[in-house]
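Undergrad:
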Amino acid sequence: MSRTTRLLTLLQVLRGKKRPVTAATLASELEISERTLYRDIAELTALGAPIHGEAGIGYVLRSGLFLPPLMLNADETEAIVLGLRYVDQRGDEVLSKAAADALAKIAAVLDPQAQEALRNPTVMPGPPGYGFPQNAVPLNVFRHAIRDQAKLHIDYADAQQVQSQRLIWPLALGFLNEVRIIVAWCELRGAYRTFRTDRIAAASLQGERYPGRRSDLLRTWQRLMQLDENGRFTPDRN
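If you read the sequence shown in our numbering, its first letter stands for residue 390, the second for the next number, and so on.
1. Take the Cβ of ASP490 as the centre, count every other Cβ of all protein chains shown within 10 Å, and call the residue buried at 16 or more, exposed below.
2. Look at the alpha carbon of ALA573 and the alpha carbon of ALA416, and state the distance between them as a whole number of angstroms.
3. On a CA-only basis, which of MET513, ALA496, PRO501 and LEU484 is nearest ARG569? Give me that one, please.
4. Relative to the C-alpha of LEU507, which residue among THR393, ALA493, LEU562 and HIS533 is closest?
5. Please report the Cβ distance between LEU419 and LEU396, rounded to the nearest whole angstrom; I am assuming they are in contact, meaning their Cβ atoms lie under 8 Å.
6. Note down the Cα distance separating ALA503 from GLU467, rounded to an integer number of angstroms.
7. Exposed or buried, ARG392, counting other C-beta atoms within 10 Å across all chains shown (16 or more means buried)?
8. Under 8 Å, with one C-beta from each stretch per pair, do the region 468-475 and the region 430-448 reach the 3-pair mark?
9. Mind checking which residues open and close the alpha helix (DSSP H) that includes PHE521?
10. What residues match up with VAL410 in a beta bridge as DSSP calls it?
11. Below 8 Å, how does it come out for the region 574-590 and the region 517-534: are there three or more Cβ pairs, yes or no?
12. Determine the DSSP secondary structure at GLN615, reduced to helix, strand or coil.
13. Let me confirm a value: ALA488 is counted as buried when at least 16 other C-beta atoms fall within 10 Å, else exposed. Which label applies?
14. Can you check the region 489-553 for any alpha helix (DSSP H) of at least 4 residues that lies completely inside it and give the ranges in chain order?
15. Look at the alpha carbon of GLN550 and the alpha carbon of THR414, and state the distance between them as a whole number of angstroms.
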């Protein structure tokens, strides 16, 4: 492994660690000596990498450094390309454009071996679906409400066309094979619910943020999904 490759690999490893990691662990993972590791960290720090180290605790890469994906191998490249092509098939216009832009950025920094995996992948997504039902409310309305943690009033019709009005705390958009859904806490039900976006006739912001952190609420919903003993998930459980 060349010195440049080793330094980039060290940064990639540190970027993937959520907590401080000891020099011994890093050296073992990179298959180098601890002396070499200390020298590499000193060099990266001198170049401006925000690596913080504390005796007895280890090293951590602080935020503030963007690393382009220069070190992708063939399998990693194909995994990313496959995922982006699924997004292009199943996402809306915003996500499809974002997927194309991301793929172009990734392609620009890949090494020759990964470029070949990009041009001639061994994995391909299935054929596009039959399309999605039309939405009365643009998905960007839900995106902005999710990002702002804004309460949202919706007019909704369930699978039996029963009309209801809900005040929800939008948490995430879900892109399924045939429908799009919004995951939310429903004040009417006092519980988590999923709503098909094509069955929302109208939506309006209430000018009020919902309490707590969206990430915590979403993790709670995910845990409940894993513990659900009622069987198959349905996208219109209200």
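Just so it is clear, CB atoms sit at the ideal spot from N, CA and C, and this is done for glycine as well.
TA: In terms of the structure at hand:
1. For this step, residue 490 is matched to residue 101 along the sequence shown. Counting Cβ neighbours within 10 Å, ASP490 comes out exposed, since fewer than 16 surround it.
2. Along the sequence shown, one-based indexing puts residue 573 at 184. Along the sequence shown, one-based indexing puts residue 416 at 27. Whole-angstrom Cα-Cα distance: 44 Å.
3. Here the question's residue 569 lines up with position 180 in the sequence shown. Checked all of MET513, ALA496, PRO501 and LEU484; the closest Cα to ARG569 is LEU484.
4. In the sequence shown, residue 507 corresponds to position 118, counting from 1. It is ALA493.
5. Against the sequence shown, residue 419 aligns to sequence position 30. Against the sequence shown, residue 396 aligns to sequence position 7. Separation of the CB atoms of LEU419 and LEU396 is rounded to 10 Å, and the pair is thereby denied contact status at 8 Å.
6. The residue given as residue 503 occupies position 114 in the sequence shown. The residue given as residue 467 occupies position 78 in the sequence shown. Near 9 Å, if we compare the C-alpha coordinates of GLU467 and ALA503.
7. Here residue 392 refers to the residue found at position 3 of the sequence shown. By the 10 Å Cβ count, ARG392 comes out exposed.
8. Not touching, per the Cβ criterion.
9. One-based indexing of the sequence shown puts residue 521 at position 132. Note, PHE521: premise wrong, no alpha helix (DSSP H); not H, not E.
10. Along the sequence shown, read from residue 1 onward, the residue named residue 410 stands at position 21. When DSSP reads this structure, VAL410 sits in a beta bridge with TYR448.
11. yes
12. To locate residue 615, count along the sequence shown from 1; it is residue 226. Reduced to three states, the DSSP call for GLN615 is helix.
13. Sequence index remark: in the sequence shown, residue 488 carries index 99 (1-based). ALA488 is buried by the Cβ-count criterion.
14. 501-508 and 528-537
15. By one-based count along the sequence shown, residue 550 stands at place 161. By one-based count along the sequence shown, residue 414 stands at place 25. One C-alpha to the other measures close to 58 Å.
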